[in-house]
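S.K.:
Protein chains: 2
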Amino acid sequence: MRASDKAYAALRSDIIEWRLPPGSVLAEVELSERLGVSRTPVREALARLSAEGLAEPQSGRGVVVTDISMDHVRELFELRLALECRAAELACERGDSDIFRALHDRLSNVDALLSEQDPDRRGYYELVGALDSAIDAAVGNAYLAQALKGLRVHLVRIRRLSHDNTTRLAEAAREHATIALAIANGSPAVASAATTVHLDNSLRHLLAANHS
Amino acid sequence: MRASDKAYAALRSDIIEWRLPPGSVLAEVELSERLGVSRTPVREALARLSAEGLAEPQSGRGVVVTDISMDHVRELFELRLALECRAAELACERGDSDIFRALHDRLSNVDALLSEQDPDRRGYYELVGALDSAIDAAVGNAYLAQALKGLRVHLVRIRRLSHDNTTRLAEAAREHATIALAIANGSPAVASAATTVHLDNSLRHLLAANHS
DNA sequence: GATAGCTTCAGTGTATACATAGAACGCGCA
DNA sequence: TGCGCGTTCTATGTATACACTGAAGCTATC
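The listed protein sequences derive, respectively, from chains P and D. Quick note: the first sequence uses the numbering used here, first residue 455, plus one each step. Quick note: the second sequence uses the numbering used here, first residue 455, plus one each step.
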């Protein structure tokens, strides 16, 4: 593995998991010492992070972790709605029914998904990620998939703001199950509508939990 | 201006204007000599181009200009449809009617737009670009705007494949005028529909001109 | 006492030297 | 003559030294 990849992966996870909160300054010399590589691969990593929107150059001098306000979240969900609705519609036309029917079944088993033995909800998030991947694969559009991938980075980062309780996650799982079922049935209008409903619910819970 | 910006701008325009056709290898040493800067800023420029999708690393060794097949064009237009339809809808809600009415008027004056004294159709493309910018500004969504910006880079690049004759450009201008009018009227359904029609026409002409 | 200018310094921007890996070519053997 | 192995070479990956810009703090003057 290249040193620049290592630096990129380390910084990316640090940002996404809020070990480097918004506003943190990413100084090249400090990072190169902390990560044990020279400034060159660190610079490359910072450039990639800036291109992704996780960091941004500040007044031509220094790079800082980008801020995440509720306005940003609203804008993010507006883009998300456009992309995910279309992706769901296209998956209806091109997807394999059996795959999405299986995902629907697994998503419907809420009790197993949100067991007490999984406080981090890894099982839930992995299954939701599997649905995303299945949709991407069904759509078969590299540009759309790339746009969605760039979007999901930010969504993982704001997951921390959700403070999702088990009740909401169970509700979200059912919403995802509805989407999967609509795709399995090949009903683009329903898939798009279910996606719209799910995203609206998610956004409203996010806004309510962050008093703005 | 930084040397890396200079290298980036030079390579970007070389790729977009097909001086560097798809498949061209972007060798660091050769570029650093040709552009008169060292390898470091050249590397930074190549990283930015790779992030944009204009170039891609080839098997871990060397960077090449990305290929543009008709399949890619189809995928590009699929993403474009999703983004531009939503942008047009949102512009209806948030845009200033006067601005889009003025754009409609200018786009309707096809004769002035496609005069014989402008063989490169600069007047046409600048006005279409102004409509794009007006929509972006009306929507007021940085994430959506960035996604559209990343998309338009590729669109400018495939413009070379269009072989647009005056008849088609006049038609396209009228389609753009229809979109601008729908936004000025605040009719999201019409704006979205007009965008869909326009993109379908554009794509069909592209495919017809490239026999696949 | 306040402001303007200068000095200093920290940190980025660039260049270049060195390490390294992948590929191509050639040679030898079957 | 063809295949396989080894060597060499070219181009990328990394490290580091140097240059330069922008900012902050200090001093001197009004």
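We put the beta carbon where it would ideally sit given N, CA and C, even for glycine.
#1: Quick check for students: name the residue ranges of the alpha helix (DSSP H) that lie wholly in the stretch 543-606 of chain P, counting only runs of 4 or more.
#2: Would Asn595 of chain D be called buried (16 or more neighbouring beta carbons within 10 Å of its own) or exposed?
#3: Taking Cβ-Cβ distances shorter than 7 Å, what residues in chain P pair up with Arg613 of chain D?
#4: Could you give the residue range of the alpha helix (DSSP H) that holds Glu482 of chain D?
#5: Going by C-alpha to C-alpha distance, which of P:Ile553, P:Tyr578 and P:Asp550 sits closest to Asn563 of chain P?
#6: Can you check which of these residues, P:Leu530, P:Ser513, P:Ala509 and P:Arg515, is closest to Asp521 of chain P by C-alpha distance?
#7: Establish whether the CB of Arg540 of chain P and some CB of chain D are separated by less than 7 Å.
#8: By Cβ distance below 6 Å, which residues in the same chain neighbour Asp590 of chain D in space, the five residues on each side in sequence not counted?
#9: So, for Ala648 of chain P: in the same chain, excluding its five sequence neighbours on each side, which residues have a beta-carbon less than 6 Å away from its beta-carbon?
#10: Using the DSSP secondary-structure output, state which residues sit across from Val610 of chain D in a beta bridge.
#11: Would you check if the distance between the CB atom of Val519 of chain P and the CB atom of Leu474 of chain P is smaller than 7 Å?
#12: How would you call Val479 of chain D, buried or exposed, if buried means at least 16 neighbouring beta carbons within 10 angstroms?
#13: Would you list the residues sitting across from Asp509 of chain P in a DSSP beta bridge?
#14: Tell me, please, whether the CB atom of Ala481 of chain D is closer than 7 Å to any CB atom in chain P?
#15: Mind checking who Val479 of chain P pairs with in its DSSP beta bridge?
#16: Could you give the residue range of the alpha helix (DSSP H) that holds Leu615 of chain D?
#17: Taking only beta-carbon positions, decide if Tyr462 of chain P is within less than 7 Å of chain D.
M.R.: Walking through what the data contain:
#1: 551-562, 564-567 and 576-593, all fully within the stretch 543-606 of chain P.
#2: Here Asn595 of chain D is buried: its Cβ has 16 or more other Cβ atoms, across all protein chains shown, within 10 Å.
#3: In chain P, no part has a C-beta under 7 Å from the C-beta of Arg613 of chain D; the shortest such distance is about 17 Å.
#4: Note, Glu482 of chain D: alpha helix (DSSP H), Glu482 to Leu489.
#5: Taking only the C-alpha atoms, the option nearest Asn563 of chain P is P:Tyr578.
#6: The candidate whose alpha carbon is nearest that of Asp521 of chain P is P:Ala509.
#7: By the rule that beta-carbons nearer than 7 Å mark a contact, Arg540 of chain P touches chain D.
#8: Same-chain partners within the cutoff: Ala599.
#9: If we look at Ala648 of chain P and ignore the five residues flanking it on each side, its Cβ neighbours are Thr632, Ile633 and Ala636.
#10: In the DSSP output, where bridge partners are listed per residue, Val610 of chain D has none listed.
#11: Yes.
#12: Burial call: exposed.
#13: Note that residue 509 of chain P corresponds to Ala in the displayed sequence, not to Asp. Per DSSP, P:Val519.
#14: It does not: the Cβ of Ala481 of chain D has no partner Cβ on chain P nearer than 7 Å.
#15: According to DSSP, residue pairing for Val479 of chain P in a beta bridge involves P:Val518.
#16: Leu615 of chain D -> no alpha helix (DSSP H), and no H or E assigned at all.
#17: False, the Cβ-Cβ gap to chain D never drops below 7 Å.
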